[in-house]
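Numbering (the working numbering), first residue to last: 627 to 948.
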C-alpha cells in the first residue's frame, strides 16, 4: 500500500510526468500495489487535475469520505488514549466526551489530552466553555470549518440557528438545502433525527454559532429575473462590467477561462478595437472580489489559474474550501 498523505498539496506541484509515473507504477504492479490518497479538498477543487492525466480518472472512480467514529468506537478510542491515567472516566464523562467531539478523531484526541491535564476536573456543564478556550481545540475547529465550501458553511449556520427555532424553521432548512444537506450527511457532519437536523458535534456547533454568520453561500443567476444572487440575497451595487463578468462565470463554472476569453465576454467589439489590456481585467476582478469574497486576499469564488501561453480564472459558485 502506497499512502499519499495530503495528496491535494502534492497536486499543487505535480507535473504530467509525475502523474504518468504514478499511474505507470500502479499498472505495473496492479495485483499487488494499491494507492490510498488522502485529501482535505474534493477532487473537483484540485488546482490543475488535468496534470494527473490517467491517474485522475483512476482516483475519481474510488472516492470515500472518512468521517466521525460511531459512539462505541469513540468510547474505545478514549479509553485507549487515557489508559495511563490512574482512574478512568466515569460514564457521564465518557458520554460528554462523545457529545462534544461527535466522534471526530482530532477532537477526541485533544479532549483526551485536556482531560488528562486536569488536576481537578470541572463540572460537566463547564467542559465546552473550557475546551473552546484551548488553542488546540480552536485550531481543529477552524480547520474543519475551512474544509467546507461557502455554501456548506451557510447551510451549517442555518442548521445551528434552526436548532433553537420553531419546527417550521427546521422544515424550511430541509426543503431549501436538500442537496447540500444530503452531501453533508454523507460525510456525517450533520444528521437528521425525528425530522430535526443537528450538527454532529457540540463543539463544532458552538464554533458554527460563533463564525457562521460570515458565510454568504452560493452565487447564482436567475435568468427570469435577470438577477445575480449571493445565497438568498440579490447582489446589488455591481457595475455593468462586474455584472457581465460574474454572469459569464456563473453560467460557465469550473472551467479555465483565459484572460482573452473573459475580455471578449465582457467588453464589446468597439471597446476591444480601441484596446483592452489584461490590466483592465485584473482591476475588474479585483473590485468584484471586494464585493463577493469573504477575504479578497484569499479568494474562494474567483480563483487564479496560471497557464501557458496565458493564464486566467476559474469560478466556483459555491465558494471552494480553503
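Heads up, the beta-carbon is just placed ideally off N, CA and C, and yes, glycines get one too.
**Prompt:** Pick from 755, 800, 772 and 846: whose alpha carbon is nearest that of residue 877?
**Reply:** Here residue 877 refers to the residue found at position 251 when the chain shown is read from its first residue. Of the candidates 755, 800, 772 and 846, the one whose C-alpha sits nearest the C-alpha of residue 877 is 846.
**Message:** Can you look up residue 847 in the DSSP assignment and give me helix, strand or coil?
**Reply:** In the chain shown, residue 847 corresponds to position 221, counting from 1. DSSP places residue 847 within a strand segment (E or B) once states are collapsed to three.
**Asked** Should the region 753 to 765 be called in touch with the region 813 to 832, which here means at least 3 C-beta pairs below 8 Å?
**Response** Here the region 753 to 765 makes contact with the region 813 to 832; the two share three or more CB pairs at distances below 8 Å.
**Asked** Over what stretch of residues does the alpha helix (DSSP H) that includes residue 645 continue unbroken?
**Response** The residue given as residue 645 occupies position 19 in the chain shown. 642 to 654 is the span of the alpha helix (DSSP H), which, as asked, contains residue 645.
**Asked** Would a C-beta distance cut-off of 7 Å place residue 660 and residue 627 closer than the cut-off?
**Response** Taking the chain shown and counting its residues from 1, one reaches residue 660 at position 34. Taking the chain shown and counting its residues from 1, one reaches residue 627 at position 1. Yes, Cβ-Cβ distance for residue 660 and residue 627 is below 7 Å.
**Request:** Pick helix, strand or coil for residue 689, following the three-state DSSP scheme.
**Result:** Residue mapping note: residue 689 aligns to position 63 of the chain shown, counting from 1. In this structure, DSSP gives residue 689 a state outside helix and strand, which the three-state scheme calls coil.
**Request:** Sort 884, 906 and 825 by Cα distance to residue 725 and report the nearest one.
**Result:** On the chain shown, residue 725 is found 99 positions in, with the first residue counted as 1. Proximity to residue 725 across 884, 906 and 825 peaks at 825, based on C-alpha coordinates.
**Request:** Taking only runs that begin and end inside the region 832 to 893, name each unbroken alpha helix (DSSP H) of 4 or more residues, in chain order.
**Result:** List check, alpha helix (DSSP H) in window: 866 to 877 and 885 to 892.
**Asked** Is residue 690 buried or exposed, if buried means 16 or more other CB atoms sit within 10 Å of its CB?
**Response** Against the chain shown, residue 690 aligns to sequence position 64. So residue 690 counts as exposed.
**Request:** With DSSP as the reference, please indicate the residues paired to residue 938 in a beta bridge.
**Result:** The residue given as residue 938 occupies position 312 in the chain shown. For residue 938, which the question treats as bridged, DSSP gives the partners 884 and 931.
**Asked** Identify the residues that DSSP records as bridge partners of residue 816: which are they?
**Response** What you label residue 816 is simply residue 190 of the chain shown in a count that begins at 1. 825.
**Request:** Return the chain-ordered list of same chain residues with a C-beta closer than 8 Å to the C-beta of residue 839, the five sequence neighbours on each side being excluded.
**Result:** Within the chain shown, residue 839 is the residue found at index 213, counting from 1. Excluding residues within five positions, the ones whose Cβ falls inside 8 Å are 783.
**Asked** With burial defined as no fewer than 16 other Cβ atoms inside 10 Å of the residue's Cβ, what is the status of residue 852: buried or exposed?
**Response** Residue numbering aside, residue 852 sits at position 226 when the chain shown is read from its first letter. Exposed, since its Cβ has fewer than 16 Cβ neighbours within 10 Å.
**Request:** Quick one: using the 10 Å Cβ neighbour count with 16 as the cut-off for buried, is residue 901 buried or exposed?
**Result:** Within the chain shown, numbered from 1, the residue matching residue 901 stands at position 275. Flag for residue 901 reads exposed.
**Run of the alpha helix (DSSP H) containing residue 661, from where it starts to where it stops** = By 1-based counting over the chain shown, the position of residue 661 is 35. Counting along the chain, residue 661 falls outside any alpha helix (DSSP H), though it belongs to the beta strand (DSSP E) covering 661 to 663.
**Asked** When the Cα of residue 740 is compared with those of 717, 694, 641 and 707, which residue comes out closest?
**Response** Position 114 of the chain shown, counted from the first residue, corresponds to residue 740. Closest by alpha carbon: 707.
**Request:** With distances taken Cα to Cα, identify the nearest neighbour of residue 802 among 821, 781, 936 and 789.
**Result:** Position 176 of the chain shown holds residue 802. The option with the nearest alpha carbon to residue 802 is 781.
**Message:** Here's the rule: buried if 16 or more other CB atoms are within 10 angstroms of the residue's CB, otherwise exposed. What is residue 916?
**Reply:** Taking the chain shown and counting its residues from 1, the one referred to as residue 916 is at position 290. Exposed.
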